[in-house]
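Report on the following structure.
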Amino acid sequence: MKLKSVTLHQVSIPLVTPFETSFMRETEKDCYLVEAVFDTPKGEITGWGESVAMISPLYSSEYVAAGIDVTRRWLAPLLFDVEDLTAETVGWHLRHVIGHPMAKSALEMAVIEAQLKLNDQSFKDYLGGVVDTVPSGVSVGIQDSVEETVKVIGDYLDEGYARIKLKIKPGKDIAPVAAVRKAFGDDFGFQVDANAAYTLVDAAHLRRLDEYGLLLIEQPLGEADIRQHAELAKLMDTPMCLDESIVSAEAAADAIMLGATSVINIKPGRVGGFIEAKKIHDLAAAHGVAVWHGGMVETGLGRAANAALASLPGFTLPGDISGSNRFFHEDITEEIVMYDGKVDVPTGVGFGVSIDPAKLERFRTESVEILPGQ
Ligand code: SMG
Ligand code: MG
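To convert, note that position 3 of the sequence shown is 2 in numbering that gives the first Met the number 0; the numbers rise steadily by one, no gaps.
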């Protein structure tokens with residue numbers, strides 16, 4: 000395949016309710032989609048990708064405007080120069096550009112989708128997925144009060160979600176967790192995510208979470224603190240799970256060997272793409288470490304691709320792959336539907352969903368077209 004053009008569409012999609020984490024409160028989903036056109040033996044084929052970078056550099060150092068800039072100046076030009084571009088070699092061609100895994104992943108997604116269309120293949124079949132549905136977990140933002148937390152989680156349990164993840168931060172941790180267990184008992188999968196809001200000196204406080212039978216605690220300490228997570232893991236009974244710290248297969252190998260993570264949250268965008276994400280899945284499986292699929296409030300496009308990755312055998316815990324209606328009144332693709340605590344793994348060619356042109360037009364705030372030799 001030969002890359003002919005790349006268009007980046009920035010979109011802003013209203014959220015059904017604000018989503019609050021330890022680092023920000025979002026009311027819209029702001030991201031960009033990649034539309035890449037290729038010349039192929041079957042004629043012109045378009046592939047789509049989605050960047051999981053957020054509007055501000057608070058979850059990681061990446062952010063929407065930086066992703067658009069690095070793609071325009073550096074990443075797309077490198078791919079324009081390749082005569083025979085394949086999904087498997089995108090990471091190699093981009094290897095000299097330091098960092099920007101989310102921007103690289105978005106571009107790689109578009110190449111993957113075009114290649115799948117060229118080969119008439121679903122993403123699930125390409126990856127070697129083994130199940131038709133994946134269990135669907137929901138991520139619950141920090142609420143204004145303990146009562147509100149209990150109510151919101153009760154509603155998601157009534158909807159049938161397979162497990163609950165609650166965002167926590169200092170001052171909004173033990174009390175909401177205790178109240179949720181008191182209200183709904185011990186008989187459902189429950190985990191927490193701190194998004195790096197604590198330091199190792201909080202160890203004694205975090206240990207108080209041990210009495211609530213949580214599946215895991217996700218990323219209590221900073222992105223760079225792999226060794227400190229290993230120290231904290233020794234002090235807590237709750238299984239440790241890294242998210243932000245796992246930026247590559249190498250980082251995953253270090254974290255496993257140091258005892259910093261006994262479960263891994265896999266997010267393709269955070270590690271530079273789906274090909275690297277699959278490597279982490281394989282590496283974790285070889286070490287007997289369970290993985291689950293993280294979420295970045297993706298549109299239906301990213302959600303569909305994530306469900307395909309999560310159909311690999313090592314994904315033994317429910318992921319953050321909720322129904323589209325968890326976040327959006329209206330998705331930009333076909334709705335991803337949660338039913339009986341699961342979502343279907345798409346079986347159509349490519350990612351199995353398509354961007355609705357009318358909705359793209361409505362949600363789009365800006366487009367940047369990138370051509371060879373600009
Ligand atoms: O897509 O369901 C989702 C969101 C899951 O909580 C979620 N993601 O740290 O795991 C995480 C966060 C990162 C994004 S916060 C806006
Ligand atoms: Mg997380």
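Glycine included, every Cβ here is placed at the ideal spot set by N, Cα and C.
When the options are compared against residue i, the one with the closest alpha-carbon
| i | options | result |
| --- | --- | --- |
| T332 | T6, I12, L2 and E25 | I12 |
| L234 | V200, G128, M0 and V151 | V200 |
| M0 | V10, E27 and I44 | I44 |
| V33 | V290, L77, A161 and E112 | E112 |
| G301 | L156, V36 and G48 | G48 |
| V137 | G127, L126, E146 and D157 | D157 |
| C30 | T315, L370 and S366 | S366 |
| F22 | A252, E243 and V290 | E243 |
| T374 | A52, A35 and R24 | Lying before the first or after the last residue shown, residue 374 is absent from the chain, which here runs from 0 to 373. |
| I274 | V15, A86, V81 and K3 | A86 |
| E25 | A203, G140, I225 and L205 | G140 |
| M256 | V149, D236, Y155 and R226 | R226 |
| K358 | V336, F327, Y338 and G351 | F327 |
| S60 | R269, V149, F189 and K278 | R269 |
| D253 | S353, K266, V288 and G271 | V288 |
| T298 | L316, K116 and S323 | S323 |
| I265 | H292, N305 and A248 | H292 |
| A109 | V129, A65 and T88 | T88 |
| D131 | T20, A303, L205 and N118 | A303 |
Closer than 6 Å: residue i CB and nearest ligand 1 heavy atom
| i | result |
| --- | --- |
| S396 | Nothing can be reported for residue 396: it is not among the residues displayed for the chain, which extend from 0 to 373. |
| D242 | yes |
| N194 | yes |
| G294 | yes |
| D201 | no |
| D319 | yes |
| S138 | yes |
DSSP-derived helix/strand/coil call for residue i
| i | result |
| --- | --- |
| E249 | helix |
| N264 | strand |
| I152 | helix |
| M239 | strand |
| P134 | strand |
| L115 | helix |
| I369 | strand |
| M256 | helix |
| T88 | helix |
| K54 | Here the sequence assigns Ile to residue 54, which means Lys is not the residue at that position. In the structure shown, I54 sits in coil (DSSP, three-state: anything other than H, G, I, E or B). |
| E360 | helix |
| V96 | coil |
| A306 | helix |
| E82 | coil |
| I320 | coil |
| I335 | coil |
| G212 | coil |
| D343 | strand |
| E107 | helix |
| E329 | coil |
| E297 | coil |
Burial state of residue i, where buried means 16 or more other Cβ atoms lie within 10 Å
| i | result |
| --- | --- |
| P374 | Since the displayed the chain opens at 0 and closes at 373, residue 374 lies outside it and no answer follows. |
| D172 | buried |
| S321 | buried |
| E107 | buried |
| H92 | buried |
| A285 | exposed |
| A193 | buried |
| A307 | buried |
| H99 | buried |
| G184 | exposed |
| T319 | Just to set this straight, residue 319 is Asp in the shown sequence, not Thr. Buried, because 16 or more other Cβ atoms sit within 10 Å of the Cβ of D319. |
| I97 | exposed |
Distance cut-off 6 Å: residue i Cβ against heavy atoms of ligand 2
| i | result |
| --- | --- |
| D172 | no |
| E297 | no |
| E222 | no |
| E217 | yes |
Boundaries (first-last residue) of the alpha helix (DSSP H) holding residue i
| i | result |
| --- | --- |
| Y125 | F122 to L126 |
| F18 | Not the alpha helix (DSSP H): F18 falls in the beta strand (DSSP E), residues K1 to E19. |
| V63 | V63 to V69 |
| L77 | A75 to F79 |
| D281 | F273 to A285 |
| V176 | I173 to F183 |
| A203 | A202 to L205 |
Host beta strand (DSSP E) of residue i (start-end)
| i | result |
| --- | --- |
| Q142 | Premise fails: Q142 is in no beta strand (DSSP E) and is neither H nor E. |
| G46 | G42 to E49 |
| A289 | A289 to H292 |
| V191 | G188 to D192 |
| L165 | R162 to K166 |
| R24 | R24 to T39 |
| K233 | Taken as a continuous stretch (DSSP letters only), K233 belongs to no beta strand (DSSP E), being part of the alpha helix (DSSP H) at I225 to L234. |
Beta carbon proximity, residue i to chain C, threshold 7 Å
| i | result |
| --- | --- |
| T148 | In the displayed structure, chain C is absent; only one protein chain is listed. |
Near ligand 3: residue i beta-carbon under 6 Å from a heavy atom
| i | result |
| --- | --- |
| V200 | Of the ligands this structure carries, namely ligand 1 and ligand 2, none is ligand 3. |
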